[in-house]
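Here the UniProt record's numbering is used: the first residue of the sequence shown is 1, the next is one more, and so on.
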Amino acid sequence: MQAVQYSPVPMDAARDVPNSTRDIVHRLASTNAVVVFSFSSCCMSTVVKRLLFSLGVGPTIVELDQHSAGPDIHALLHRLSGTHQPPVPAVFIGGNFLGGVQTLMASHINGTLVGLLKDAGALWL
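And the structure:
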(Lines of atoms letter the chains of each structure in order from A; the text may use other names.)
(Lines give C-alpha, C1' and ligand atoms only; values in the text may rest on other atoms or scores of the structure.)
Protein backbone atom coordinates (compact mmCIF):
# COMPACT_ATOMS: atom_id res chain seq x y z
CA MET A 1 0.00 0.00 0.00
CA GLN A 2 1.23 3.44 -0.85
CA ALA A 3 0.59 6.23 1.64
CA VAL A 4 -1.33 9.28 0.52
CA GLN A 5 0.80 12.41 0.61
CA TYR A 6 -0.63 15.41 2.33
CA SER A 7 0.92 18.58 3.60
CA PRO A 8 0.45 21.57 5.88
CA VAL A 9 -1.77 24.31 4.55
CA PRO A 10 0.44 26.16 2.03
CA MET A 11 -0.98 29.60 2.70
CA ASP A 12 1.76 31.27 0.60
CA ALA A 13 0.09 29.84 -2.49
CA ALA A 14 -2.88 32.14 -1.96
CA ARG A 15 -1.30 35.52 -1.37
CA ASP A 16 -4.11 37.35 -3.13
CA VAL A 17 -6.74 35.89 -0.77
CA PRO A 18 -7.53 38.16 2.21
CA ASN A 19 -5.54 37.43 5.38
CA SER A 20 -8.77 37.06 7.34
CA THR A 21 -9.83 34.20 5.06
CA ARG A 22 -6.49 32.47 5.39
CA ASP A 23 -6.75 32.93 9.16
CA ILE A 24 -10.22 31.34 9.23
CA VAL A 25 -9.06 28.28 7.30
CA HIS A 26 -5.81 27.98 9.24
CA ARG A 27 -7.57 28.31 12.62
CA LEU A 28 -10.21 25.74 11.73
CA ALA A 29 -7.68 23.27 10.29
CA SER A 30 -5.25 23.61 13.18
CA THR A 31 -7.78 23.40 16.03
CA ASN A 32 -9.94 20.52 14.78
CA ALA A 33 -8.90 16.94 14.03
CA VAL A 34 -10.93 16.83 10.80
CA VAL A 35 -12.47 19.70 8.85
CA VAL A 36 -14.64 19.38 5.75
CA PHE A 37 -15.39 22.42 3.63
CA SER A 38 -18.44 21.70 1.51
CA PHE A 39 -21.56 23.02 -0.15
CA SER A 40 -24.81 21.82 1.37
CA SER A 41 -26.21 20.81 -2.03
CA CYS A 42 -23.06 19.04 -3.31
CA CYS A 43 -23.45 15.27 -3.68
CA MET A 44 -19.67 14.68 -3.41
CA SER A 45 -19.63 16.64 -0.15
CA THR A 46 -22.34 14.30 1.11
CA VAL A 47 -20.20 11.30 0.14
CA VAL A 48 -17.24 12.69 2.12
CA LYS A 49 -19.34 13.43 5.20
CA ARG A 50 -21.05 10.03 5.13
CA LEU A 51 -17.76 8.18 4.81
CA LEU A 52 -16.28 10.04 7.77
CA PHE A 53 -19.43 9.55 9.87
CA SER A 54 -19.46 5.83 9.02
CA LEU A 55 -15.91 5.54 10.37
CA GLY A 56 -16.99 7.16 13.64
CA VAL A 57 -15.45 10.55 12.93
CA GLY A 58 -17.28 13.75 13.85
CA PRO A 59 -15.70 16.28 11.49
CA THR A 60 -16.10 20.02 11.76
CA ILE A 61 -18.19 20.89 8.72
CA VAL A 62 -18.17 24.30 7.10
CA GLU A 63 -20.94 24.76 4.55
CA LEU A 64 -19.55 27.45 2.28
CA ASP A 65 -22.95 28.38 0.88
CA GLN A 66 -24.03 29.26 4.44
CA HIS A 67 -20.84 30.96 5.67
CA SER A 68 -20.30 34.71 5.39
CA ALA A 69 -16.75 34.19 4.09
CA GLY A 70 -17.81 31.28 1.85
CA PRO A 71 -16.82 32.82 -1.50
CA ASP A 72 -13.37 33.83 -0.21
CA ILE A 73 -12.80 30.43 1.42
CA HIS A 74 -13.86 28.76 -1.82
CA ALA A 75 -11.28 30.85 -3.73
CA LEU A 76 -8.57 29.83 -1.25
CA LEU A 77 -9.51 26.15 -1.51
CA HIS A 78 -9.39 26.43 -5.30
CA ARG A 79 -5.78 27.61 -5.03
CA LEU A 80 -4.88 24.83 -2.56
CA SER A 81 -6.47 22.06 -4.61
CA GLY A 82 -4.80 23.05 -7.87
CA THR A 83 -6.35 22.58 -11.27
CA HIS A 84 -6.68 18.79 -11.22
CA GLN A 85 -9.59 18.48 -8.80
CA PRO A 86 -12.60 20.51 -7.72
CA PRO A 87 -11.95 22.70 -4.66
CA VAL A 88 -14.98 21.38 -2.77
CA PRO A 89 -15.30 19.18 -0.86
CA ALA A 90 -11.97 19.90 0.80
CA VAL A 91 -10.73 17.76 3.67
CA PHE A 92 -8.16 18.72 6.29
CA ILE A 93 -6.89 16.07 8.72
CA GLY A 94 -4.65 16.95 11.64
CA GLY A 95 -4.13 20.48 10.35
CA ASN A 96 -3.02 19.25 6.93
CA PHE A 97 -4.79 19.59 3.61
CA LEU A 98 -5.59 16.07 2.43
CA GLY A 99 -7.54 16.97 -0.70
CA GLY A 100 -10.99 16.26 -2.04
CA VAL A 101 -13.25 13.28 -2.42
CA GLN A 102 -10.86 11.41 -4.74
CA THR A 103 -7.95 11.62 -2.31
CA LEU A 104 -10.14 10.74 0.67
CA MET A 105 -11.57 7.69 -1.13
CA ALA A 106 -8.14 6.59 -2.35
CA SER A 107 -6.73 6.75 1.17
CA HIS A 108 -9.75 4.82 2.46
CA ILE A 109 -9.40 2.12 -0.20
CA ASN A 110 -5.63 1.74 0.24
CA GLY A 111 -5.99 1.54 4.02
CA THR A 112 -4.17 4.72 5.05
CA LEU A 113 -7.18 6.83 6.07
CA VAL A 114 -7.76 5.21 9.46
CA GLY A 115 -4.10 5.75 10.38
CA LEU A 116 -4.32 9.42 9.43
CA LEU A 117 -7.47 9.82 11.48
CA LYS A 118 -5.91 8.08 14.48
CA ASP A 119 -2.78 10.23 14.27
CA ALA A 120 -4.97 13.35 14.19
CA GLY A 121 -6.93 12.22 17.24
CA ALA A 122 -10.18 11.81 15.33
CA LEU A 123 -10.40 8.07 16.12
CA TRP A 124 -9.61 6.26 19.33
CA LEU A 125 -9.49 2.68 18.05
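Even for Gly, the Cβ is constructed at its ideal location relative to N, Cα and C.
Contact belief for residue i with residue j at Cβ below 8 Å, rounded distance in angstroms
| i | j | result |
| --- | --- | --- |
| Leu28 | Val57 | That belief does not hold up - the Cβ atoms of Leu28 and Val57 are roughly 15 Å apart, past 8 Å. |
| Val88 | Ser45 | 6 Å |
| Ile93 | Val34 | 5 Å |
Separation of residue j from residue i, as counted between CA atoms
| i | j | result |
| --- | --- | --- |
| Ile49 | Val36 | Position check: residue 49 holds Lys in this sequence, whereas Ile was assumed. Roughly 8 Å separates the two Cα atoms. |
| His108 | Val114 | 7 Å |
| Thr103 | Thr31 | 22 Å |
| Asp72 | His78 | 10 Å |
| Asp119 | Thr112 | 11 Å |
| Gln85 | Leu64 | 17 Å |
| Leu51 | Val25 | 22 Å |
| Thr21 | Leu98 | 19 Å |
Those residues which DSSP pairs with residue i across a bridge
| i | result |
| --- | --- |
| Gly99 | Val91 |
Burial state of residue i (16 or more Cβ within 10 Å)
| i | result |
| --- | --- |
| Gly121 | exposed |
Write down every uninterrupted run of the alpha helix (DSSP H) in the UniProt domain "Glutaredoxin" (34-97) whose length is 4 residues or greater and which is fully enclosed by it, in chain order.
Within the UniProt domain "Glutaredoxin" (34-97), the runs of alpha helix (DSSP H) that reach at least 4 residues and sit entirely inside it are, in chain order, 43-54, 70-81.
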